[in-house]
Amino acid sequence: MSKINKILIANRGEIALRIMRTARELNIQTVAIFSEADRNSPHVRFADEAICIGPPPSHQSYLLGDKIIEICQKLNVDAIHPGYGFLSENAAFCKKVIEAGLIFIGPSPESIELMGDKLTSKHTVAKYNIPMVPGTPDAVTDRSIAKEKSLEIGYPVLIKASGGGGGKGMRVVEKEEDFDEQMDRAVSEAITSFGNGAVFIEKYITAPKHIEIQVLGDQHGNVVHLFERECSIQRRHQKVVEEAPSAVLTPEIREAMGRCAVDVAKACNYYGAGTVEFIVDEHLDFYFLEMNTRLQVEHPVTELITGIDLVKEMIRIAEGESISFKQEDIHIQGHAIEIRVCAEDPRNNFLPDVGTLNTYIRPEGNGVRVDDGFEQGMAIPIFYDPMIAKLITYGKNREEAIVKMIRAIDEFKISGIQTTLPFCKFVMQHEAFLSGNFDTRFISLYYSPELLDELPDAEEEMLAAALANFLMTNKKTNNSTIANSTTIENSNWKANRLAYR
Ligand code: MV4
């Protein structure tokens, strides 16, 4: 057991703030690092101490592991929280942190390494009975052997890079004639992107849902799961909308997936917070894909439905404490949805849109949580992820969470840059999303930019209805229409205000 008194957060923006807030609640001192581009960021002001680490590019700042460790030693830091991205899944960094006598708030370097490679991770979990997509258990290099295997598996197949993840280095092959070309591309892509040309083949699941399970492990071998997050609405393998629980899982499948995820974590002696990723087909059959060995962007939806502070658990686990609850103590309570507000233009192929937040007014009120790291007047640096904020709503059921989300999106005022907010409102109002019957094809099946301008606008509809009513009721009494109008009196105050203007 080793008490943590001071944490350095090796990250920026919303996640740095998110971690510091919990640290403060635990009476732990915080150290921020920042690049020259982030000098005026809220995470820098929030911290007890802050150190400029270098110029804006990540390779000269947030990725400088050795420099970060040096800062820890100089400032008497006990532990490093890596957040997500940057150094969070870098086993070599994790190892150096430990060798420097510091605590890495996360898993062991061995777990990171095992799960970082897709083939190694499959072998690691093989001793448990984890459902996996039919495919080759090892890397394939010989084209003709690979083609033979693909025929056995049955087309369409997917060629994946073992060193990949998050969708990079994947190639769908529809039919045998295309195999050689796609295989060559996959291998050279794998070499250039991951320095590892190993590829393997899987049956291609054509309409999968992405459902992941949050797990927590401690250093005493306890592992629990905190149910699922549905993350199927993605663009270029970037999640845009996440929710918990899934609208389609039955209690039985949820429990089976939860048990599987716990086994995956046990297979690699996991401790800390982790996420086990599955794809789920139209029959609700699920298959293990990979494990992410970090705190994820979308962790707040899990916090809202379980009441558990994941960062607090991570810190306690890193100190050597046991998980603060048992599996049977936790239950799903209500429903949470998160949208990622990104500086991207949904009308222009989601191209990153850089600029200044001329207006930035957050939504507030019952059931609304905003995790962000920017303020009005700040420029969005081009050097990092374009995510400006996460907007999370919580309701007693899915409908309530959706209604709150639409309200909160309308309340969110951002000018100076284009954002994904209008796209997210489109999702919230789409019948496929409302029904819960959607998969990872959502955007390609249903979205085109023109649809953003045809959104049913609550205010406009109300105004139109109120005006129509008003005119109908008062057609004949032209002199005192407004004073006599009961229709308008009975309608919503906002419509009234608009109608009188
Ligand atoms: C798949 C698949 C279909 N079949 N594997 C993409 C990210 C990476 N973690 C795995 N991915 C996929 N693997 C088989 N055998 C479809 C995807 C996939 C996907 C998965 C989750 C969320 C969004 C996705 C979008 C496209 C493809």
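Using this note's numbering, the first residue of the sequence shown is number 6, and each one after it goes up by one. We put the CB at the ideal spot given by N, CA and C, even for glycine.
Pair within 8 Å by beta-carbon distance, residue i and residue j
{"i": "residue 148", "j": "residue 185", "result": "yes"}
{"i": "residue 105", "j": "residue 67", "result": "no"}
{"i": "residue 512", "j": "residue 234", "result": "A query on residue 512 cannot be resolved here, the shown segment of the chain reaching from 6 to 506 and no further."}
{"i": "residue 326", "j": "residue 221", "result": "no"}
{"i": "residue 20", "j": "residue 83", "result": "no"}
{"i": "residue 339", "j": "residue 401", "result": "yes"}
{"i": "residue 281", "j": "residue 269", "result": "yes"}
{"i": "residue 237", "j": "residue 109", "result": "no"}
{"i": "residue 116", "j": "residue 273", "result": "yes"}
{"i": "residue 207", "j": "residue 283", "result": "no"}
{"i": "residue 347", "j": "residue 391", "result": "yes"}
{"i": "residue 38", "j": "residue 12", "result": "no"}
{"i": "residue 351", "j": "residue 457", "result": "yes"}
{"i": "residue 164", "j": "residue 188", "result": "yes"}
{"i": "residue 231", "j": "residue 335", "result": "yes"}
{"i": "residue 167", "j": "residue 134", "result": "no"}
{"i": "residue 179", "j": "residue 160", "result": "yes"}
{"i": "residue 101", "j": "residue 70", "result": "yes"}
{"i": "residue 91", "j": "residue 63", "result": "yes"}
{"i": "residue 406", "j": "residue 342", "result": "yes"}
{"i": "residue 58", "j": "residue 40", "result": "yes"}
{"i": "residue 276", "j": "residue 322", "result": "yes"}
{"i": "residue 130", "j": "residue 355", "result": "no"}
{"i": "residue 298", "j": "residue 120", "result": "yes"}
Presumed contact (8 Å Cβ cut-off) between residue i and residue j, rounded CB distance
{"i": "residue 61", "j": "residue 386", "result": "6 Å"}
{"i": "residue 397", "j": "residue 300", "result": "No, residue 397 and residue 300 are not in contact; Cβ-Cβ is about 15 Å, not under 8 Å."}
{"i": "residue 296", "j": "residue 126", "result": "6 Å"}
{"i": "residue 114", "j": "residue 279", "result": "Not quite, the Cβ-Cβ distance comes to about 14 Å (not below 8 Å), so this is no contact."}
{"i": "residue 204", "j": "residue 212", "result": "Going by Cβ atoms, the distance from residue 204 to residue 212 rounds to 23 Å, so no, they are not a contact pair."}
{"i": "residue 80", "j": "residue 54", "result": "6 Å"}
{"i": "residue 172", "j": "residue 123", "result": "In fact, because the Cβ distance is near 12 Å, the residues do not count as touching under 8 Å."}
{"i": "residue 56", "j": "residue 33", "result": "With 8 Å as the limit, residue 56 and residue 33 do not qualify as a contact, their Cβ atoms being about 17 Å apart."}
{"i": "residue 344", "j": "residue 410", "result": "7 Å"}
{"i": "residue 174", "j": "residue 198", "result": "6 Å"}
{"i": "residue 399", "j": "residue 372", "result": "5 Å"}
Selection from the options that minimises the alpha carbon distance to residue i
{"i": "residue 444", "options": "289, 406, 316", "result": "289"}
{"i": "residue 158", "options": "276, 139, 424, 347", "result": "139"}
{"i": "residue 229", "options": "39, 53, 213, 264", "result": "264"}
{"i": "residue 262", "options": "136, 53, 298", "result": "136"}
{"i": "residue 49", "options": "427, 439, 65, 378", "result": "378"}
{"i": "residue 362", "options": "421, 243, 333", "result": "421"}
{"i": "residue 389", "options": "131, 173, 43, 321", "result": "43"}
{"i": "residue 259", "options": "271, 248, 291", "result": "291"}
{"i": "residue 508", "options": "359, 375, 131, 360", "result": "Any question about residue 508 goes unanswered here, given that the chain covers just 6 to 506."}
{"i": "residue 324", "options": "411, 223, 304", "result": "223"}
{"i": "residue 437", "options": "252, 408, 275", "result": "252"}
{"i": "residue 435", "options": "404, 416, 423, 424", "result": "404"}
{"i": "residue 360", "options": "424, 175, 215", "result": "424"}
{"i": "residue 144", "options": "118, 132, 195, 130", "result": "195"}
{"i": "residue 244", "options": "24, 432, 453, 454", "result": "432"}
{"i": "residue 141", "options": "132, 26, 162", "result": "162"}
{"i": "residue 311", "options": "329, 439, 210", "result": "329"}
{"i": "residue 384", "options": "331, 27, 219, 45", "result": "45"}
{"i": "residue 107", "options": "415, 455, 7", "result": "7"}
{"i": "residue 193", "options": "364, 146, 209", "result": "146"}
{"i": "residue 86", "options": "315, 358, 219", "result": "315"}
{"i": "residue 331", "options": "132, 248, 267, 254", "result": "267"}
{"i": "residue 455", "options": "380, 358, 353", "result": "353"}
{"i": "residue 177", "options": "152, 153, 209", "result": "209"}
{"i": "residue 27", "options": "451, 459, 414, 320", "result": "320"}
{"i": "residue 304", "options": "103, 380, 248, 17", "result": "248"}
{"i": "residue 408", "options": "382, 380, 439, 333", "result": "439"}
{"i": "residue 412", "options": "29, 370, 381, 453", "result": "370"}
{"i": "residue 449", "options": "52, 239, 132", "result": "239"}
Quick one: which unbroken beta strand (DSSP E) runs of 3-plus residues sit fully inside the stretch 397-427? Chain order, please. Uninterrupted beta strand (DSSP E) stretches at least 3 residues long and entirely within the stretch 397-427 occur at 418-420, given in chain order.
Pick out the complete alpha helix (DSSP H) segments inside the stretch 320-355, 4 residues or longer, and give them in chain order. For secondary structure counted as the alpha helix (DSSP H) over 4 or more consecutive residues, the stretch 320-355 holds no complete run.
Just list the beta strand (DSSP E) runs in the stretch 189-263, keeping only unbroken ones of 3 residues or longer that don't cross its boundaries, in chain order. Counting only runs of 3 or more, we get 204-208, 214-222, 228-240, 243-249.
Complete runs of the alpha helix (DSSP H) confined to the stretch 67-104 [at least 4 residues]: Counting only unbroken stretches of 4 or more residues, the alpha helix (DSSP H) elements lying wholly within the stretch 67-104 are 70-79, 96-104, in sequence order.
Please give the ranges of any beta strand (DSSP E) in the stretch 106-158, keeping only runs that are unbroken, at least 3 residues long and fully inside the region. You should have found no qualifying run.
At 4 residues or longer, what runs of the alpha helix (DSSP H) sit wholly inside the stretch 24-68? The alpha helix (DSSP H) runs lying completely inside the stretch 24-68 and spanning 4 residues or more are 47-51, given in chain order.
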